[in-house]
Structure formats: structure tokens, C-alpha cells
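Trainee: Counting from 210, one number per residue, gives the positions in the sequence shown under the working numbering. Backbone N, C-alpha and C fix where the C-beta goes; we use that ideal spot for every residue, glycine too.
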Amino acid sequence: MISAMILIAGFTLRGNAQNRNADVYEYPEIVGEFYRHYLTVPDIEGYETLKCDFHVHTVFSDGKVWPDQRVNEAWNEGLDVIAITDHIEYRPHKDIVKSDFNKSFEIAKKRGDQIGMIVIKGSEITRSKPLGHLNALFLQDANKLDVPNELDAIDEAVKQGAYILWNHPGWPNDTSTLYPVHKELIAKNKLHGVEVFNGWESYPKVMDWCNEYRLAPFANTDIHSTSANMYREKFQRPMTLVFAKERSEEGVKEALFAGRTVACFHHHLMGKETFLKEIIQRSLAVRVIDKEKNLIEVHNQSDISHQIRYGKYPYPIALHPNQVFRLNLPSGTDVTFTNCFTGQDKCLVTDIW
Ligand SMILES: [Zn+2]
Ligand SMILES: [Zn+2]
């Protein structure tokens, strides 16, 4: 009896520990670094849906985190792609962290290659309004963007084949304005996308510009602090959904220039109607229970919590992730998805069976 108790106690002490050697056991199951959320968002016809953050800062500009840790955080949180986009012009730690403008990417990329994350070389061209801040993505050499004239910096980025993204158009004066300089850049094919979500801000009218000027909508963190400080729950972190032909840097680049993105933040989606419709169709599985009584079950197979309004109900009803909702809904009825925006104050309306 005594020997049996000793055996049980020994087993409990070790738990799931791995035997590193005769003297040291380790407990990998408690290490957050090894775990990753899986964010379920459906692919769309012909494309893989990649979850991406194209606006990330490190200690090499005004961020608080070392570049490789940015990659670890993003992997933990279920992302597939991040771009390192330190400011060219604003580097408050530059007397302590001395380097050229490519170094933060190089450190992050090394970590990305180790754990299978795509890391993109970018830079934030930083000016006051009217131009504001622009991210140049897929750069060859960020050092060449350190020039006095902002239009020269954009030209250099375009020469390197960069994708140009307009950041936080409603910041810092709480006003989103499309200035002549932006219209000129769009006309010359030097501005390709714009953030409709940044950090914890949203700029609803910017989605109208996306429709009118064929800009791709983005949701990015523009993260400076640790992500644990910023986002409390799975799917609160802004991310840009990219519909790529292949999971590679080239695949992401091709998809961005083709405009295949949807902005996703805190269970809100903003994007072109065709993409939103397909995400909804592929997220919701409908089972008909009684056709005569229009009784159906809707299974939300995604991790995005959708809100719908239909029929006589004046307020939205939640379709919670990975749950089934039973409702009476005649086939062909228009359903408004109040968390899916195709323009300012314009929600997606579609039938679901
Ligand atoms: Zn900025
Ligand atoms: Zn930024």
C-alpha cells in the first residue's frame, strides 16, 4: 500500500513533463510560444484566405518590441503574414538601436523562416497631412526611401515594385479627407490600398473611396505595444483577409495588386460585396428542418460572430461562431448582415437559402 502511494505521487508530480535528462524535467504544454490560435475563416473559390497584418512597428522605430517577437505574437494569434513597417523619418530610439532601415525586417524574416510565417519588407513614409502616412510594401531596399521629398520616396518605392498603402486616413485630426495629392497618386497608379480599420479606429466613409477609386480595403494593427496589451480576445486584432492563389510572398503580392482583400476587425468585415457574399455563403451551412414551415438551422462554421436582421425583428440577432441557430425564414428572404459593410452605412444584404 505504501509503495503504491509513492508511485501515484511520483506520477502526479511529473504530470505531462518531458524528461530532458535524469535531473531536469520540462513542461512544454505551459509555454505559450508553442501554441497558436486557429482562426476559421473560409477560403473562397480558387483562393486561399490568408490572415495578414501589413502595419507593424518595432523598437527600430517607435515600437516597444523586438522584431522577432512581432513574428512570434502574430503566429500565436493565428496570422499567416506580417509586414514590418518601421517609420523612415521617426526613430526615437535611434541613438540606442543603431542600424540601417532594412535591419528590423531582416531580424523578423529570420524568425519567420524558422516557424513558417511570411514576413514582408515594408517601411512607413511619414509626413503630415495632406499626404499623411503611407506604407510601402515588398521593398527591395528601404534605405533608398530616406529622401527629403515625399513624392521622391514614393517614386523610389514604386521603382522597387512596391505596393503603396495609405495608413489611418482619419488620423490624427479625426477627419478622413481624400486630398488632391491622393487622387493624383491613384490616377498615376502609385496608391493601391487604404486602411479602413487601424488599431482600434474605423473609417467607414473610406470604404466608399475603395469602391469609387478601386482601392483595396485593409485592417491593420499599426501595433507599437505588445499585442497582449492591445487585444484581449481571439479575433479582436485587426487583420486583412487576402485571397491568394498560393501561400507565398509572391502570392500575397499578386492578390494585393489584384485587389482581393477584405478588412476584418472585432467581428466586423468591410469589403467588396462579392467577397463578403462568398465569405458568408461559405461560413453558413443551412439545414432545412421543415420546408412548409420555413424552419431551418443555420450553422455558423466560422470563428466570426455574425449579426443578422431579417423579417419582423428590428434588432440584430447573433449567429455565434460554431453554433447552430434555429429560425423561421422563407427561402429567398433578404437578410441584412449588420456586421458586414460594403460602404459607409451600407450593410451586406443577401439571402442564405
Ligand atoms: Zn502612421
Ligand atoms: Zn504606423
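Taking 7 Å as the limit, name every residue whose beta carbon sits nearer than that to some heavy atom of ligand 2, in sequence order.
Mentor: H264, H266, T294, H296, E333, H342, N376 and D431
Trainee: Could you check where the alpha helix (DSSP H) with A464 kicks off and where it finishes?
Mentor: E458 to F466
Trainee: Taking the C-alpha atoms as reference points, what is the distance between H264 and F474?
Mentor: 14 Å
Trainee: Quick one: give me the first and last residue of the beta strand (DSSP E) that T249 is part of.
Mentor: First-last for T249: undefined, no H or E at that position.
Trainee: Going by the CB atoms, is the gap between E501 and V533 shorter than 7 Å?
Mentor: The Cβ atoms of V533 and E501 do not sit closer than 7 Å to each other.
Trainee: Should M571 and V405 be called a contact, given that it needs their Cβ atoms to be closer than 7 Å?
Mentor: No statement about residue 571 is possible, as the shown extent of the chain runs from 210 to 562 and does not include it.
Trainee: In the DSSP assignment, find the unbroken beta strand (DSSP E) run with F263 in it and report its ends.
Mentor: E257 to V265
Trainee: Thinking C-alpha only, which one of G321, I305, S514 and D543 is nearest L248?
Mentor: S514
Trainee: Find the nearest neighbour of F452 within the set F427, Q445, F444 and S434, judged by alpha-carbon distance.
Mentor: Comparing Cα-Cα distances from F452 to each of F427, Q445, F444 and S434, the minimum goes to F427.
Trainee: Helix, strand or coil for C556 per DSSP?
Mentor: strand
Trainee: Is the Cβ-Cβ distance between P525 and T547 less than 7 Å?
Mentor: Using a Cβ distance threshold of 7 Å, P525 and T547 count as a contacting pair.
Trainee: Out of D543, T470 and R279, point me to the one whose CA is closest to L259's CA.
Mentor: For L259, the closest alpha carbon among the candidates D543, T470 and R279 is that of T470.
Trainee: Need the endpoints of the beta strand (DSSP E) that R491 sits in, please.
Mentor: No beta strand (DSSP E) contains R491, which is instead part of the alpha helix (DSSP H) from E482 to S492.
Trainee: Just to confirm, is the Cβ distance from S511 to S540 under 7 Å?
Mentor: no
Trainee: State the Cα-Cα distance for the pair H529 and G341, rounded to the nearest angstrom.
Mentor: So the alpha carbons of these two residues sit roughly 38 Å apart.
Trainee: What is the DSSP secondary structure of H391, reduced to helix, strand or coil?
Mentor: Three-state DSSP puts H391 in a helix.
Trainee: Sorted by chain position, which residues of the same chain lie with C-beta nearer than 6 Å to E298's C-beta, five sequence neighbours on each side aside?
Mentor: T335
Trainee: Entirely within the segment 307 to 382 and at least 4 residues each: give me those alpha helix (DSSP H) ranges in chain order.
Mentor: Listed in chain order, they are 312 to 324 and 359 to 368.
Trainee: Buried or exposed for G325, please, with buried defined as at least 16 other CB atoms from any protein chain shown within 10 angstroms of its CB.
Mentor: exposed
Trainee: With respect to the beta strand (DSSP E) encompassing Q516, which residues constitute its N-terminal and C-terminal limits?
Mentor: Segment H515 to R518, the beta strand (DSSP E) holding Q516.
Trainee: Could you tell me which residues DSSP puts in a beta bridge with T499?
Mentor: Reading the sequence as shown, one finds Asp at residue 499 and not Thr. D499 pairs with L504.
Trainee: So what's P426 in DSSP terms, helix, strand or just coil?
Mentor: Reduced to three states, the DSSP call for P426 is strand.
Trainee: Based on the DSSP secondary-structure assignment, which residues constitute the bridge partners of I293?
Mentor: Per DSSP, V265 and K330.
Trainee: Flag this pair as touching only if the segment 405 to 414 and the segment 371 to 379 have three or more C-beta atom pairs under 8 Å; answer yes or no.
Mentor: yes
Trainee: Below 7 Å between beta carbons: does that hold for T435 and V274?
Mentor: Closer than 7 Å, so yes.
Trainee: So A283 is in the alpha helix (DSSP H); what residue range does that whole segment cover?
Mentor: First-last of the alpha helix (DSSP H) with A283: P276 to N285.
Trainee: How long is the line joining the alpha carbons of L288 and N311, rounded to whole angstroms?
Mentor: 22 Å
Trainee: Any contact of the segment 378 to 398 with the segment 433 to 450, i.e. 3+ C-beta pairs under 8 Å?
Mentor: no
Trainee: How would you write the range of the alpha helix (DSSP H) that A437 sits in, first residue to last?
Mentor: Secondary structure note for A437: its alpha helix (DSSP H) is the uninterrupted segment S436 to M439.
Trainee: Taking the C-alpha atoms as reference points, what is the distance between Y422 and R518?
Mentor: 30 Å
Trainee: State the Cα-Cα distance for the pair Q369 and Q516, rounded to the nearest angstrom.
Mentor: 42 Å
Trainee: Give the secondary structure of V415 by DSSP, where H, G and I count as helix, E and B as strand, and everything else as coil.
Mentor: helix
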